[in-house]
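Residue numbers (this note's numbering): 8 to 403. Beta carbons are placed, not taken as given, at the ideal position from N, Cα and C, and that holds for glycine. Working notes, structure below.
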């Protein structure tokens with residue numbers, strides 16, 4: 008094992024000489040995530056403030072003036088505009104206005120007769136400003152509708168509660184910690200797998216196929232170190248870089264999100280409650296065999312490649328598989344499928360999802376951990392056996 012540690016040390020020493028790579032791995036995550044999320048937060052808040060302070064442009068067709076006085080009384084919320092040229096729906100899509108309302112011609116007469124009249128609203132559900140205009144209209148119409156109903160009941164001499172036989176009082180059984188935990192549990196496994204695989208990939212290519220291109224592999228094989236020690240040393244280096252990259256990216260991402268939600272004390276308390284030592288420890292424990300599995304896969308393909316181009320071509324498709332598995336485990340209802348606890352890699356995602364969702368099961372966690380450890384061990388044995396062959400190391 009001493010030889011493996013020596014090879015890993017040699018790889019880290021080579022990495023320490025490459026300042027650009029060091030910057031990309033250790034510094035860039037702490038610059039790019041805060042910059043991206045700060046920009047997104049500021050743009051989102053500015054856009055929300057602009058939309059909130061801007062009156063919604065509405066084209067109103069109301070021959071009997073049933074709704075026009077109510078809308079005109081709120082100039083800060085609604086701006087009645089003339090009919091735009093061309094197709095009305097296209098004008099809404101072109102953002103010339105946010106909403107078009109067509110009130111039935113007999114609306115005023117229907118109100119006097121205590122009858123129902125129709126209002127047709129045309130909006131663009133893909134635009135936030137159009138949704139906000141409809142929301143404002145509904146909020147304004149709701150008390151008006153209640154006033155009309157109460158007036159009708161009063162004319163009939165009936166109780167105002169006749170139109171409201173019950174009031175539904177909803178109590179949320181989930182606290183903020185549970186809601187935040189479920190959100191983290193859905194995203195964290197996906198992010199962990201992506202960051203660990205991509206973090207291992209480039210360093211794995213450099214340490215395997217890159218050795219062939221630099222003609223330094225023969226120098227390593229000429230030493231007294233057993234070949235298995237060389238293989239294990241490179242495996243240890245690839246694994247460590249994957250874990251380091253994942254942890255640094257997640258740390259930077261977490262700090263960026265905490266800065267964005269600094270005004271929400273409840274969210275921060277929920278995250279603090281979730282991120283207890285036991286949860287973090289169990290997460291790291293299951294990261295180790297998963298990282299070894301990825302590192303073995305990258306090592307196996309990288310060392311057999313003729314050059315770095317071939318290695319990159321062979322290893323890159325693995326990203327799509329990791330993305331697919333991560334997205335699949337985020338789908339609603341997946342946590343109800345019991346058989347997924349016995350599917351390799353997927354069961355790791357499911358175990359982490361339930362760990363953060365306060366639905367933790369020791370059995371499912373141990374099954375996922377045991378299967379991942381077993382797969383990592385099998386992959387290590389396969390890698391060692393294949394890479395001990397001359398044709399694998401000297402493939403040209």
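Distance, residue j Cα to residue i Cα
i: residue 340; j: residue 348; result: 14 Å
i: residue 98; j: residue 132; result: 14 Å
i: residue 23; j: residue 39; result: 22 Å
i: residue 49; j: residue 300; result: 40 Å
i: residue 140; j: residue 201; result: 39 Å
i: residue 84; j: residue 34; result: 47 Å
i: residue 95; j: residue 135; result: 18 Å
i: residue 125; j: residue 79; result: 20 Å
i: residue 343; j: residue 326; result: 26 Å
N- and C-terminal bounds of the alpha helix (DSSP H) containing residue i
i: residue 387; result: 369-394
i: residue 318; result: 315-322
i: residue 77; result: 75-79
Local conformation of residue i per DSSP, three classes
i: residue 199; result: helix
i: residue 180; result: coil
i: residue 68; result: strand
i: residue 55; result: helix
i: residue 405; result: Beyond the ends of the chain as shown, which are 8 and 403, falls residue 405; an answer cannot be given.
i: residue 146; result: helix
i: residue 84; result: coil
i: residue 350; result: coil
i: residue 218; result: helix
i: residue 230; result: coil
Boundaries of the beta strand (DSSP E) in which residue i is found, first to last residue
i: residue 20; result: Where residue 20 is concerned, there is no enclosing beta strand (DSSP E), although the alpha helix (DSSP H) it sits in stretches over 9-24.
i: residue 62; result: No beta strand (DSSP E) holds residue 62; DSSP gives it neither H nor E.
i: residue 300; result: Element bounds for residue 300: not the beta strand (DSSP E) but the alpha helix (DSSP H), 284-311.
i: residue 132; result: Residue 132 -> no beta strand (DSSP E), and no H or E assigned at all.
i: residue 108; result: 106-110
Cβ distance (whole Å) where residue i is taken to contact residue j below 8 Å
i: residue 298; j: residue 250; result: 5 Å
i: residue 354; j: residue 374; result: 6 Å
i: residue 244; j: residue 214; result: 6 Å
i: residue 62; j: residue 86; result: 4 Å
i: residue 64; j: residue 88; result: 5 Å
i: residue 14; j: residue 237; result: 5 Å
8 Å Cβ cutoff, residue i in contact with chain B
i: residue 340; result: Absent here is chain B; the protein component of the structure consists of one chain.
Contact between the region 136-145 and the region 163-183 (3+ Cβ pairs under 8 Å) = no
Does the pairing of the region 329-339 with the region 216-234 give three or more beta-carbon distances under 8 Å?
-> no
Looking at C-beta atoms only, is the number of pairs between the region 311-318 and the region 378-385 that lie closer than 8 Å three or more?
-> no
Decide if the region 352-372 is in contact with the region 286-293; the criterion is three or more beta carbon pairs, one per stretch, under 8 Å apart.
-> yes
Using 8 Å as the threshold, is the region 61-79 in touch with the region 109-117, meaning 3 or more CB pairs across them?
-> yes
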